[in-house]
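Q: Submitted below is the structure of interest, expressed as structure tokens.
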Amino acid sequence: GIQVEQSPPDLILQEGANSTLRCNFSDSVNNLQWFHQNPWGQLINLFYIPSGTKQNGRLSATTVATERYSLLYISSSQTTDSGVYFCAVGRSGNTPLVFGKGTRLSVIA
Amino acid sequence: DGGITQSPKYLFRKEGQNVTLSCEQNLNHDAMYWYRQDPGQGLRLIYYSQIVNDFQKGDIAEGYSVSREKKESFPLTVTSAQKNPTAFYLCASSIVSGRASYEQFFGPGTRLTVL
Chain A
1 GIQVEQSPPD LILQEGANST LRCNFSDSVN NLQWFHQNPW GQLINLFYIP SGTKQNGRLS
61 ATTVATERYS LLYISSSQTT DSGVYFCAVG RSGNTPLVFG KGTRLSVIA
Chain B
110 DGGITQSPKY LFRKEGQNVT LSCEQNLNHD AMYWYRQDPG QGLRLIYYSQ IVNDFQKGDI
170 AEGYSVSREK KESFPLTVTS AQKNPTAFYL CASSIVSGRA SYEQFFGPGT RLTVL
């Protein structure tokens, strides 16, 4: 099956710093989503981005489908950005998502 | 308010008992999914259903069972055959339309602990 690798596994930032999270996947996909898991476990949808670039406030994402990777950018990080960020991909149609192991982000004041 | 609800939020089970986790959605989505998350790990697929009265096993279906009698409901039963059921369980749903791909949305989760 498809493999999803996220890097780095852990990241500690000072408040106000910028960061880039990476997601590599092993095969072509037609669904790619980024999630933020909050301290209560809820998965918050950040981006649905099987290709191209999107921006939402301080967050943006880029997926280069032909090279099988996606990047999540967080600018001017805040303590509320702390948590685990997951990348998940789907092969075709409405096949279930395959998740990476996540990047644990800690933003310190 | 449209969304996905899961109940209960916390569940404690004695060894040897079956328990059922509820998942309901009012988004009019066709597909529903159950995932399991262990500490420090990503999510793994247990079962999914793309239409009423039909469902498929995921990667870790052993020890679990599901039903899909209504479009809006997809309950998961954790049976006594599941050897290590303590985990966080997440339900999701999405639209189905041909081979197109649509965004999946998740409920708040149920945390199951076996005593």
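Those protein sequences? They're chains A and B, same order as listed. Just so we're aligned: 83 in the numbering used here is position 83 of the first sequence, and the numbers increase by one with no gaps anywhere. Just so we're aligned: 172 in the numbering used here is position 63 of the second sequence, and the numbers increase by one with no gaps anywhere. Virtual Cβ for every residue (Gly too), placed ideally from N, Cα, C. From a predicted model like this one, the values you see are computed outputs, not experimental measurements.
Please name the residue or residues paired with S131(B) in a DSSP beta bridge.
A: Against the second sequence, residue 131(B) aligns to sequence position 22. S116(B).
Q: Kindly indicate if chain A contains any beta-carbon less than 7 angstroms away from that of Q213(B).
A: Counted from its first residue, the second sequence places residue 213(B) at position 104. Taking Cβ atoms only, chain A reaches closer than 7 angstroms to Q213(B), which makes this a yes.
Q: Which residue wins for smallest C-alpha separation from S28(A), given the options G83(A), I44(A), I108(A), V89(A)?
A: Position 28 of the first sequence holds residue 28(A). Taking only the C-alpha atoms, the option nearest S28(A) is V89(A).
Q: Measuring CA to CA, which of L97(A), A109(A), C87(A) is closest to T20(A)?
A: Here residue 20(A) refers to the residue found at position 20 of the first sequence. For T20(A), the nearest C-alpha among the options comes from C87(A).
Q: How many angstroms separate the CA atom of L11(A) from the CA atom of N45(A)?
A: Indexing the first sequence from 1 puts residue 11(A) at position 11. Indexing the first sequence from 1 puts residue 45(A) at position 45. One C-alpha to the other measures close to 20 angstroms.
Q: By alpha-carbon positions, which one of E133(B), L224(B), I113(B) ends up nearest to A196(B)?
A: For the purposes of this step, residue 196(B) is identified with residue 87 of the second sequence, where counting begins at 1. Considering only alpha carbons, the answer is L224(B).
Q: Specify the secondary structure class of T188(B) as computed by DSSP and reduced to three states.
A: What you label residue 188(B) is simply residue 79 of the second sequence in a count that begins at 1. Coil, per DSSP.
Q: So with Cβ pairs under 7 angstroms, would you call Y85(A) a contact of chain B?
A: Position 85 of the first sequence, counted from the first residue, corresponds to residue 85(A). Not one chain B Cβ lies under 7 angstroms of Y85(A).
Q: Among residues of its own chain, excluding the 5 on either side of Y173(B), which ones have a beta-carbon nearer than 8 angstroms to its beta-carbon?
A: As a first step, residue 173(B) must be located in the second sequence, where it is residue number 64. The residues are W143, I155, Y156, L185, T186, V187, T188, Q191.
Q: Quick one: residues in its chain with C-beta nearer than 6 angstroms to the C-beta of T53(A), no 5 flanking neighbours on either side, listed in chain order?
A: Here residue 53(A) refers to the residue found at position 53 when the first sequence is read from its first residue. Answer for T53(A): T62, listed in chain order.
Q: Enumerate in chain order the residues of its own chain whose CB-to-CB distance from L152(B) is below 8 angstroms, with the five nearest sequence positions on each side excluded.
A: If you number the second sequence from 1, residue 152(B) lands on position 43. Result list for L152(B): Y144, R145, Q146, L199, in chain order.
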